[in-house]
Each structure stands twice: as C-alpha cells, then as structure tokens.
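Engineer: Under the working numbering, the first residue of the sequence shown carries the number 1482, and numbering increases by one thereafter.
Glycine is no exception: its CB is placed at the ideal position from the N, C-alpha and C atoms.
Below: one structure in structure tokens.
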Amino acid sequence: MIEEKIALFTIFGGTGDLARRKLYPSLYRLYKKGFLNKKFAVIGTARREWSDEYYREIVLDTIAEITESKEDAIEFASHFYYQAHNVTDTEHYASLKTLSQKLNEKYKLEENHIYYLAMSPQFFGTITEHLKDQGLINDTGFNRLIIEKPFGHDYESASILNNQIRSSFKEEQIYRIDHYLGKEMIQNISAVRFANAIFESMWNNRYIDNIQITLSESLGVEERGGYYDTSGALRDMVQNHILQVVSLLAMEPPTELKDEAIRDEKIKALRSLRIFSPEEVRNYFVRGQYGPSTVNGENSLGYREEENVADDSTTETFVAGKVLIDNFRWAGVPFYIRTGKKLREKGTQINIQFKNMPLNLFNDDHSVPLEPNVLTIYIQPTEGFSLQLNSKKIGQGLETELLNLKHKNSAETSANSPEAYEKLILDCLNGDATNFTHWDEVASSWRFVDVIREAWDQETPEFPNYPSGSMGPVCSDQLLASDGFKWFWNPQK
Ligand code: NAP
C-alpha cells in the first residue's frame, strides 16, 4: 500500500542542472505514484531573481516528457515556491524561515523538513551553519539533509566539511548521496548473495579467483572539464561509486537487510581495505588519459583539447587497480577495478570469476585449463545477470564449449523501474539511510584513495596514453596479466 509522505523540501541550487534534470522529474514520479499528494511543498532557492510563476513554468518544462495529464502537472507545480538568495547572505534565512512556516501551515507539513543541497560543496558548511543559527532546524518534525558528492577532495577536507555539517545536523539526519546506490541492480547485489545459497556458500577466497568491477563511460568530460580537471577519475569515481560496490560485494551478511545492519557490515569491509605503500601503488594501480583519435570515422578530441582543460594537464581520465581486502573471507582475492572516459562501450558490470577445476579432464593435455565459471552482474545500461558455464559439445569426443545462462531485464522493465534519484528521495522521506553513505564509509574510502593520489603526485605521468574508443591503456591489461588474469569484459570494436 502506498502511504502519503509529508514534507517540505527546500532545494538549494533550485535553478541548477541537477535540480532540473533529476530532482523535479523524480518528485513528479513520486507524486504520480501517490507518495507525494496534498501534503508537500517545495521551496527552490538560488541567486537568480525568479518569480513563483516562472519557477513553476521551469518545473513544468522539466517534467514535460513524463507528464501524463496537464491538470495533474499544474497541480503538482502549484506546490513549488521560489525564493532568490545568496547562500552566504544571513538575512535571507529569516525570510526562508517565514516562508517555511507559511507553507508548513498551508499544506499541514508537520514541520517535516528535507534540505537538499544541490549545489557546489564549497557552500555546504555555510548553509548548514545558517540553517541552525537562524532557527530553521527544530525538534517538532524531522530534519533531514541530503548532500551531493563530492564530499571533500581528500580525507582532511572531507573531515573538515563533516565537522562543519555535524555541528548543525546529527549523523542520522545526514543523507550523503551516491546515486549509484540507488540503482536497482546495485541493490540487487544483496539479493544475488543472500537469497541464493549456491552463491553465498561460494562467496569467499576458497572458490573465487578474482572479482572485476568496470564502470566504463564512452563520453569524454563534455562541459565538465573545469571541475573534472581538478578531480580526476580516482576522486570522481573510485573514492565513491567503485568502493561502494566493492563494499557491497565484500561485506559479511548483515543480521537484517536494514540500514544500520548493512552499513555496519559495509564499514567493516571498507576498514579491511589494504592501505598501500607508495611502492604497492606503483605495482597495483595504473592511470591513463585519453588522447585524440578517430572513432567511427569521426575525429574525437583528446582530453587536453577539451574545453576548460589545461593543455599540459596530468589529470587521469582512467584508473585501473587491484584492491585487496585483508580479512578471512577475502585474503588473497584481488578485486580489480576499472573506470574511464571515452572508452569503447558505456556500461557497468561486475564479473565474479570462480576458481578453476584442479584438472581439465576434457583435454588430452590435462594442464590446458578450462574456461572459468564467471557470474556477471550487469548494472547499466541494462540490468541483469549471466553465468558462464562449460558444457559438452554435441557429437563425438569430449570437447567442451561455453554456455552463457543470461537474464537481462527487458527495456520495458528497466524503463518502469524507478530512477535512482526517485528511489533515494523516497528512502529519505522514509528515513531509510541504507543507500546513502555514512561518514565512516567516506572516511575509510578517502584514506584508501589518498595514498594513491599522494604516490601519483610524486611522478609525472606520460599522458595521453590511450586512444578514445579503446578500453584504456596497455598497462591496465598488464596489471591483470601479471597475475595470470585478463579483463573478462572486453567489448570489441
Ligand atoms: P549547477 O548547475 O552549477 O547548479 C548550481 C546551483 O547553485 C545553481 O542553481 C546556482 O544558481 C546555485 N548557486 C551558485 N552559487 C550560489 C550562491 N552563492 N547562492 C545561492 N545559489 C547559488 O550544478 P549542478 O550540476 O546542478 O550540481 C549541483 C551539485 O550536484 C554539485 O555538488 C554536483 O557535483 C552534484 N551533482 C550533479 C550532478 C548532475 O547531474 N548535474 C550529478 C551528480 C552530482 P544561481 O546561479 O541562480 O545562483
């Protein structure tokens, strides 16, 4: 049964890209499904001088493609109010409070507040301090804060930011978004593991040879060059999305599939990550940057030619590495991770490669190994699973051939499944923080990533080192080859 949620959303950065592309359509979907009905209101705020009417028009524009009935959409947009302000301006918070109180009474919102900071993290501390000092946080209803990545650019800056925010909000009131955690199949990792005895019983170093995680993007930095050039793939993708996936794959079974229990196990897994020495970083992590090339007959820019990128930039657009987890379950099992821009194919998948048979009885030379069994979890663009098995080839003799048991969600199912932001906003309305990152997770991830960054910063890489449209630099393949493995997912031209 769908239960109506009651809340006032205050969206800082209400005129921005994230609000328009993700937040308003997600709120509309929740409204269409009945999770939001009469008792909700949204205050959008940013510096631009917009009227409520103009703001509502913008909101209607952002949902035009998914609007089912014009009257509904207009009724939905009528819950939106706009207030122009600069977040550094103290006086503004008094008028924000007055408007909040007015809407609270008008829509009977029970003083339930969700503050969504859809703007640059440099403002997070200022906003949260003002919210507290100007009395916008009270104990009557709930007060929840949703913040966007990036959460700091290293452990130290993340820790300063965290202390600033925590002086106004308690940890349990803070919802740090990692939109990857809203994806259906990421959440399904728990179902694969904890609803299927065949997998969970083999989910350890006795049966698993290695695990590979690839988050591959086919686009370059597009218009995000300015931001990306100060971040790079390690901070932009590994610290958050990839290490979150690692923790879900590596964690011990939680006592229940609820937020605290899952978080506790994820935190333990992240604390078991081996923090590398500079020498180990050199051996276990490689980086790359895309150069110009011709893809499908069209010229493709190299990273250094992109807008707002320095022409001698040493920022990495590709990372591959070997993550080691020093605990009983995973000792000795490499988790290979890989992410990059302008790669051959866009997609996210996890390949779990099981240990091979001790002997190949299907070949006269018993030492020629069989192909390994590989469980693949597809995350995007289409969600699903596949399992690679060996079967006997029909006919005389004992030859084997590969069989792939595959289930991929249909395009229709994927289209109907809630979008990540929709799920995460609903989770927040429900007070369920399972799919958000706890400070302890952020802290462990930064500690892991910082030593890699520091070691890399000591040396100047020879960039560019991979052409657009490839699967990254040669050193990425060598990383696995030196352990006797290869990347399982290797899309061809
Ligand atoms: P954006 O388009 O640049 O929006 C920034 C917003 O902040 C605008 O509404 C801007 O409006 C407002 N703003 C800037 N300075 C302000 C100030 N001093 N006072 C009040 N408002 C101010 O950025 P975005 O892409 O939406 O990203 C927002 C956050 O989400 C960032 O942390 C980003 O990393 C994260 N994020 C974005 C995406 C995405 O798809 N866009 C995805 C993941 C994470 P005015 O100019 O009118 O003031």
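#1: Are at least three pairs of beta-carbons, each pair with one atom in the stretch 1644-1660 and one in the stretch 1897-1917, less than 8 Å apart?
#2: So, with DSSP's three-state summary, where would you put Pro1948?
#3: Is Leu1992 near the ligand NAP, going by C-beta to nearest heavy atom under 6 Å?
#4: May I ask you to list the residues that DSSP assigns as paired with Lys1803?
#5: Where Thr1881 and Ser1872 are concerned, what is the direct C-alpha to C-alpha distance, given to the nearest angstrom?
#6: Where do the ends of the alpha helix (DSSP H) carrying Leu1931 lie?
#7: Output the residue ranges of the beta strand (DSSP E) runs that lie fully inside the stretch 1810-1872 and measure 3 residues or longer, sorted by chain position.
#8: Rounded to whole angstroms, how far is the Cβ of Ile1547 from the Cβ of Ile1667, which I believe are closer than 8 Å?
#9: Any contact between the stretch 1665-1682 and the stretch 1955-1965? By contact I mean 3 or more CB pairs, one from each, below 8 Å.
#10: Whole angstroms are fine: how far does the CA of Asn1844 sit from the CA of Leu1662?
#11: Hey, how far is the Cα of Gln1834 from the Cα of Ile1595?
#12: Asp1553: which of Leu1577, Leu1511, Asn1585, Glu1586 sits nearest, CA to CA?
#13: How is Tyr1771 classed by DSSP in three states: helix, strand or coil?
#14: At a cut-off of 6 Å, is Met1718 close to the ligand NAP when judged by its beta-carbon and the heavy atoms of the ligand?
#15: Between Gly1527 and the ligand NAP, is there a pair consisting of the residue's CB and a ligand heavy atom that are separated by less than 6 Å?
#16: Comparing the CB of Thr1496 with every heavy atom of the ligand NAP, is any distance shorter than 6 Å?
#17: What is the residue span of the alpha helix (DSSP H) that Leu1508 lies within?
#18: Using 8 Å as the threshold, is the stretch 1818-1833 in touch with the stretch 1846-1856, meaning 3 or more CB pairs across them?
#19: For Ala1599, is the beta carbon positioned less than 6 Å from some heavy atom of the ligand NAP?
#20: Flag this pair as yes or no: are the beta carbons of Val1804 and Val1727 separated by less than 7 Å?
#21: Would you kindly report the start and end of the unbroken alpha helix (DSSP H) that includes Glu1534?
#22: Can you grab the Cα-Cα spacing for the pair Ser1682 / Glu1733, in whole Å?
#23: Should Gly1802 go down as buried or exposed, given a rule of 16 or more other Cβ atoms within 10 Å for buried?
#24: Are Glu1864 and Ser1507 close, meaning C-beta to C-beta below 7 Å?
#25: Could you check the C-alpha separation between Tyr1784 and Pro1773 for me, to the nearest Å?
Structural biologist: Reading it off the structure:
#1: yes
#2: Here residue 1948 refers to the residue found at position 467 when the sequence shown is read from its first residue. Strand at Pro1948.
#3: Because the chain here runs from 1482 to 1974, residue 1992 falls outside it and cannot be looked at.
#4: Translated into positions along the sequence shown, residue 1803 becomes position 322. Its beta-bridge partners are Tyr1817.
#5: Locating residue 1881 in the sequence shown gives position 400, counting from the first residue. Locating residue 1872 in the sequence shown gives position 391, counting from the first residue. Computed Cα separation, rounded: 5 Å.
#6: In the sequence shown, residue 1931 corresponds to position 450, counting from 1. Per the sequence shown, the amino acid found at residue 1931 is Asp instead of Leu. Residues 1920-1938.
#7: 1816-1821, 1828-1835, 1855-1861
#8: Position 66 of the sequence shown, counted from the first residue, corresponds to residue 1547. Position 186 of the sequence shown, counted from the first residue, corresponds to residue 1667. In fact, because the Cβ distance is near 23 Å, the residues do not count as touching under 8 Å.
#9: no
#10: Taking the first residue of the sequence shown as 1, we reach residue 1662 at position 181. Taking the first residue of the sequence shown as 1, we reach residue 1844 at position 363. Each residue's Cα considered, the two are about 44 Å apart.
#11: The sequence position of residue 1834 within the sequence shown is 353, counting from 1. The sequence position of residue 1595 within the sequence shown is 114, counting from 1. Whole-angstrom Cα-Cα distance: 42 Å.
#12: Position 72 of the sequence shown holds residue 1553. It is Leu1511.
#13: For the purposes of this step, residue 1771 is taken as the residue at position 290 of the sequence shown. In the structure shown, Tyr1771 sits in a strand (DSSP, three-state: E or B).
#14: To locate residue 1718, count along the sequence shown from 1; it is residue 237. Result no, Cβ not under 6 Å from the ligand NAP.
#15: Along the sequence shown, one-based indexing puts residue 1527 at 46. Looking at the sequence itself, residue 1527 is Ala, so the reference to Gly does not match. Yes; taking the cut-off as 6 Å, the Cβ of Ala1527 has a heavy atom of the ligand NAP nearer than that.
#16: For this step, residue 1496 is matched to residue 15 along the sequence shown. The answer is yes for Thr1496.
#17: Position 27 of the sequence shown holds residue 1508. Run containing Leu1508: 1505-1513, per the alpha helix (DSSP H) assignment.
#18: yes
#19: Taking the first residue of the sequence shown as position 1, residue 1599 is located at position 118. Indeed, a heavy atom of the ligand NAP lies less than 6 Å from the Cβ.
#20: For this step, residue 1804 is matched to residue 323 along the sequence shown. For this step, residue 1727 is matched to residue 246 along the sequence shown. Contact: yes.
#21: In the sequence shown, residue 1534 corresponds to position 53, counting from 1. Glu1534 -> alpha helix (DSSP H) spans 1533-1543.
#22: As a working mapping, residue 1682 is identified with position 201 in the sequence shown. As a working mapping, residue 1733 is identified with position 252 in the sequence shown. Roughly 12 Å between the two C-alpha positions.
#23: Mapped onto the sequence shown, residue 1802 falls at position 321. Buried, because 16 or more other Cβ atoms sit within 10 Å of the Cβ of Gly1802.
#24: Position 383 of the sequence shown, counting from 1, holds the residue named residue 1864. Position 26 of the sequence shown, counting from 1, holds the residue named residue 1507. Not in contact: Glu1864 and Ser1507 (Cβ atoms no closer than 7 Å).
#25: By 1-based counting over the sequence shown, the position of residue 1784 is 303. By 1-based counting over the sequence shown, the position of residue 1773 is 292. In a straight line, the C-alpha of Tyr1784 is about 7 Å away from that of Pro1773.
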